[in-house]
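One structure below.
Here you go:
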């Protein structure tokens, strides 16, 4: 059970990192799919399939354990009508 929780925590830590640094990611990866592991972008491309494949090759993890997000030129998080956005388990 602890290993599952650790994997989930790592996943959400990386996903939250992507959200926290979204404005920086937009500058470097506009309109790209990215994979984040250990709070670093490990793959970026136009194709989600390519990004998932590269991330799996680089980490040995299954793609459902790797946060992948689309970085839109339009920052979706600043458009939300929510005061605080928190993702947690």
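Numbering (our numbering), first residue to last: 577 to 665.
Just so you know, even glycine gets a beta-carbon here, dropped at the ideal spot from N, CA and C.
Notebook entry, point to check: Under three-state DSSP, which class holds residue 603?
Noted result: Residue numbering aside, residue 603 sits at position 27 when the chain shown is read from its first letter. Three-state result, residue 603: helix.
Checklist line | Classification of residue 590 by the beta-carbon crowding that lies within 10 angstroms, buried from 16 upward | finding: Locating residue 590 in the chain shown gives position 14, counting from the first residue. Flag for residue 590 reads buried.
Note to self: If I measure Cβ to Cβ from residue 611 and keep anything under 6 Å in the same chain, skipping five residues before and after, which residues do I get?
What the structure shows: Your numbering for residue 611 matches position 35 in the chain shown. For residue 611, where only same-chain residues beyond five positions count, the Cβ hits under 6 Å are 618, 619, 627, 631, 642, 644.
Notebook entry, point to check: Tell me which same chain residues have a C-beta within less than 7 Å of the C-beta of residue 593, skipping the five on either side of it?
Noted result: Here residue 593 corresponds to residue number 17 of the chain shown, with the count starting at 1. Counting only Cβ-Cβ distances below 7 Å, and skipping sequence neighbours, we find 612, 615.
Checklist line | Nonlocal neighbours in the same chain, by C-beta distance under 8 Å from residue 587, ignoring five residues either side | finding: Locating residue 587 in the chain shown gives position 11, where the first residue counts as 1. The residues are 641, 642, 643.
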